[in-house]
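Data first, discussion second: the structure below is written as structure tokens.
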Amino acid sequence: QYWYSHALDLFLDHFGQNILIKNITRNEYQKFISNYANGRTSETFRKGHLYISSCIKDAIYDGYLKKDPTYKVNYKGTKLPKKESVKFLTILEYEQLRKHFKRKTDKSTLMLYILLITGARFSEVNRMTYKDLYYKPGLIHLPGTKTENADREIEVSDSDLNYIKKAISKHPQKINGDLFGLSHNAISKVFNKAKMEFNINDEITPYSLRHTHASYLISKGISIEYISKRLGHANISITLEVDTHLLDEHKKEQGQRVRELFS
Numbered sequence: 001q002y003w004y005s006h007a008l009d010l011f012l013d014h015f016g017q018n019i020l021i022k023n024i025t026r027n028e029y030q031k032f033i034s035n036y037a038n039g040r041t042s043e044t045f046r047k048g049h050l051y052i053s054s055c056i057k058d059a060i061y062d063g064y065l066k067k068d069p070t071y072k073v074n075y076k077g078t079k080l081p082k083k084e085s086v087k088f089l090t091i092l093e094y095e096q097l098r099k100h101f102k103r104k105t106d107k108s109t110l111m112l113y114i115l116l117i118t119g120a121r122f123s124e125v126n127r128m129t130y131k132d133l134y135y136k137p138g139l140i141h142l143p144g145t146k147t148e149n150a151d152r153e154i155e156v157s158d159s160d161l162n163y164i165k166k167a168i169s170k171h172p173q174k175i176n177g178d179l180f181g182l183s184h185n186a187i188s189k190v191f192n193k194a195k196m197e198f199n200i201n202d203e204i205t206p207y208s209l210r211h212t213h214a215s216y217l218i219s220k221g222i223s224i225e226y227i228s229k230r231l232g233h234a235n236i237s238i239t240l241e242v243d244t245h246l247l248d249e250h251k252k253e254q255g256q257r258v259r260e261l262f263s
């Protein structure tokens, strides 16, 4: 759901809100794709293109469209893939952002704070309702999106839960009960400002909060089994992949402990 939302934002940003897809030619879509691919990796680009193309193919199958403007479009990203280390914040950056976010009450920052302290997916937090927040003492409910394990309860501190509830109370309550319903672009803009303030690597994205949350818990000795359930992973093998990408500080700490064991 994250990539559908992100791809839609990019598509509308280029073509505008009032565009009729039936009027988009392959030439025009190619221009959009070439513009989108600039400054991005081939993998990032591939995901965005495939989600848009999939939606259009569904519309053709259902009879809403006759032609596919995404057919045989040429694409290639211009940016090298990120190193694994770039997917993570350092412990210092992680803690700086936590304090920074907690000083604010706007919805975009509040959503980033929840992402940081829960390791949740963007789409999960974006779908939260008041019932999910006022769930049980010390718990937040996350509505699932991807796997049977995704619908889950997340433990949070009383301090964090009280802060979130207080911040939310400053905003008008939506009729449908949703807490957020924000665009990915809105979240990214606020996150980018915070990165600039703390001189954080420009390649770090809001999704890095999920990666870092997992590594942060591992560095504090929390079991892989618990972390896997907290992240809503379908199985523990997915979580074990994170174990090979621990924070640099934790790697050094573990290395020193091994030296001491054999000294």
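Per UniProt numbering, residue 1 is the first one in the sequence shown, and the count goes up by one each step.
Glycine is no exception: its CB is placed at the ideal position from the N, C-alpha and C atoms.
- In the DSSP assignment, histidine 141 is bridged to Glu153.
- Around arginine 103, the same chain offers no residue with a beta carbon nearer than 6 Å, after the five sequence neighbours per side are excluded.
- Here tyrosine 113 really is in contact with phenylalanine 101; their C-beta atoms are around 4 Å apart, less than 8 Å.
- If the five residues before and after arginine 152 are omitted, its C-beta is found closer than 6 Å to the C-beta atoms of Leu142, Gly232, all from its own chain and listed in chain order.
- In this chain, the alpha helix (DSSP H) harbouring asparagine 162 covers 158-168.
- The Cβ atoms of serine 228 and proline 206 do not sit closer than 8 Å to each other.
- The beta carbon of arginine 210 sits closer than 6 Å to those of Gly119, all from its chain and outside the five residues before and after it, given in chain order.
- In terms of Cβ geometry, tyrosine 135 and glutamine 173 do not form a close pair [threshold 8 Å].
- Residue environment for proline 137: exposed (fewer than 16 other C-beta atoms within 10 angstroms of its C-beta).
- The beta carbons of alanine 59 and leucine 65 sit about 5 Å from each other, so the pair counts as a contact at 8 Å.
- In this structure the stretch 192-202 does not touch the stretch 19-39; the number of beta carbon pairs closer than 8 Å is below three.
- Taking a 10 Å sphere around the C-beta of leucine 10, we find 16 or more other C-beta atoms and assign the residue as buried.
- For lysine 136, the secondary structure class from DSSP, reduced to helix, strand or coil, is strand.
- In the three-state reduction of the DSSP assignment, aspartate 62 falls in the coil class.
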